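Some notes on the structure that comes next.
Residue numbers (the working numbering): 1 to 410.
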């Protein structure tokens, strides 16, 4: 990192924002039980709202954030430490678009070292970068120069991990290492649900609809819609990136994605159930589901539907993106009762399923038309006789999932 007014190491992941900084229109710091409702944040060079440090039980609802220079909403707790004090906040039913107009790498909602929050029913679109980030990823640099390292409580790290502990392999850490450090990683137990996200990643690259990395366990991403996102620099709809485990991804709809054109990426031991990954706008660079940096033994991948429109659109990508060792493989997970179907080539799904079953997984999965009413025109409701019912797929609450967009556009 370049030294900049003594702030090296004080950024929060990739310097998408800064730690404990006055970079917004309204700032809550050590605030509890405050409400921001029916407010309009617009035409500003900074971000909109920050909820910093020991701030808990605050409520942000029915606000509009537009044409801002920075992030929409930031929840920023303490660095790696025992200080789990930024928590229990609620961000609900807000409309965020056209932010990051000065600093393009700004997420619309950025959760860093903050936990047990509810991020629900927000409408996020037309953004230069990622819609929602949940992170705590840190480089353990005792000089305080490397990424996020200036925010570490080293006494707490040594108490938890041992005297002299340093862990700098942020790009890959297995489950035992993560579990040892997890009590210091406070972006945990967040509920991210019913958010509608489209047309993000319009300027920058290597970003996503919802991104989770270096966070604690227990985060739940459910019933979110990501798509369409036609930007050629788009990466993944939902991404459990480096050093991320014990995340639940359930009941999400990912469709109409360009760029990498991946619906879900998982680099750790996570649970993926009852999701729809459908109809990319181009051939995915890796796969509709991308498994990266194994081993991922212990992951659960069940009751998902992967729908493609061309035989060269891989259902699942299996790679090791960092370092050496085993690659991530679907056959190492608890995978079953999924549907793999290509609308233009029915043999494509069956060939993939035959390979999986030769390794002893996905015996109850199907290579059949899942039975959506009209997926090409955005109707992912199921027909009464849909094959998806037979694998235990639960119909998504699509009316509620799309309601936040209807609320702001009707």
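Glycine residues also receive a C-beta, built at the ideal position from the N, C-alpha and C atoms.
Predicted model only: the values in this text are computed from it and were never measured.
Mind checking who residue 112 pairs with in its DSSP beta bridge?
76 and 135
How would you call residue 91, buried or exposed, if buried means at least 16 neighbouring beta carbons within 10 angstroms?
buried
Within a Cβ cutoff of 7 Å, which residues of the same chain sit near residue 383, ignoring the five residues on either side of it in sequence?
371 and 373
Hey, residue 284 and residue 265 are a contact pair by Cβ (cut 8 Å); roughly how many whole angstroms apart?
With 8 Å as the limit, residue 284 and residue 265 do not qualify as a contact, their Cβ atoms being about 10 Å apart.
Determine, using beta carbons only, whether residue 321 and residue 277 come nearer to each other than 9 Å.
no
Beta-carbon separation (whole angstroms), residue 436 vs residue 60, contact threshold 8 Å:
Nothing about residue 436 can be reported from this structure: the residues present for the chain run from 1 to 410 only.
Using the C-alpha atoms, what's the distance from residue 180 back to residue 378?
43 Å
On a CA-only basis, which of 110, 380 and 204 is nearest residue 211? Give me that one, please.
110
Check whether the stretch 352-372 touches the stretch 384-393, counting contact only when three or more Cβ pairs, one atom from each stretch, lie closer than 8 Å.
yes
Identity of the residues DSSP links to residue 18 by a beta bridge:
11
Tell me, to the nearest whole angstrom, how far the beta carbon of residue 56 is from that of residue 86; I am working on the premise that it is less than 8 Å.
7 Å
Quick check for students: name the residue ranges of the alpha helix (DSSP H) that lie wholly in the stretch 136-171, counting only runs of 4 or more.
154-161
For residue 296, the three-state DSSP class (helix, strand or coil):
coil
Near residue 290, which residues of its chain fall below 6 Å by C-beta distance, leaving aside the five closest residues on each side in sequence?
262, 265 and 317
Rounded to whole angstroms, what is the Cα-Cα separation between residue 416 and residue 44?
An answer regarding residue 416 cannot be provided, because it is not within the stretch 1 to 410 covered by the chain.
According to the neighbour-count rule (16 or more other Cβ atoms, all chains shown, within 10 Å of its Cβ), is residue 205 buried or exposed?
exposed
Please classify residue 314: is it buried, with 16 or more other beta-carbons within 10 angstroms of its beta-carbon, or exposed?
buried
According to DSSP, is residue 221 part of a helix, a strand, or is it coil?
strand
Inter-residue spacing [alpha-carbon to alpha-carbon] between residue 396 and residue 194
11 Å
At least three beta-carbon pairs within less than 8 Å, the stretch 117-134 to the stretch 154-169
no
Quick one, are the C-beta atoms of residue 69 and residue 99 less than 9 Å apart?
yes
Mind pulling the alpha helix (DSSP H) runs of 4 or more residues that sit fully within the stretch 365-409?
398-409
Among 242, 393 and 376, whose alpha-carbon lies nearest the alpha-carbon of residue 273?
393
Using the Cβ count rule (16 or more neighbours within 10 Å means buried), how would you classify residue 10?
buried
By a C-beta neighbour count over all protein chains shown, 10 Å radius and 16 as the cutoff for buried, is residue 483 buried or exposed?
The question about residue 483 has no answer here: the residues shown for the chain are numbered 1 through 410.
Counted within 10 angstroms of its Cβ, other Cβ atoms place residue 29 as buried (16 or more) or exposed:
exposed
Expressed to the nearest angstrom, what Euclidean distance is found between the alpha-carbon atoms of residue 351 and residue 345?
11 Å
Can you give me the Cβ contacts of residue 62 inside the same chain, cut-off strictly under 6 Å, excluding the 5 residues immediately before and after it?
37, 38 and 93
Whose C-beta lies closer than 6 Å to the C-beta of residue 349 among residues of the same chain, with five residues either side of it excluded?
340, 341, 342 and 367
State the beta-bridge partners of residue 302 as determined by DSSP.
273 and 336
Got a sec, what are the start and stop residues for the beta strand (DSSP E) residue 288 sits in?
Looking at the DSSP string, residue 288 is not in any beta strand (DSSP E), and its letter there is neither H nor E.
Using three-state DSSP, classify residue 356 as helix, strand or coil.
helix
From residue 145 to residue 214, what distance separates their C-alpha atoms?
18 Å
Could you check which residue in 116, 175 and 167 has the C-alpha nearest to that of residue 190?
116
Out of 323, 359 and 319, point me to the one whose CA is closest to residue 336's CA.
359
Please state whether DSSP places residue 347 in a helix, a strand or coil.
helix
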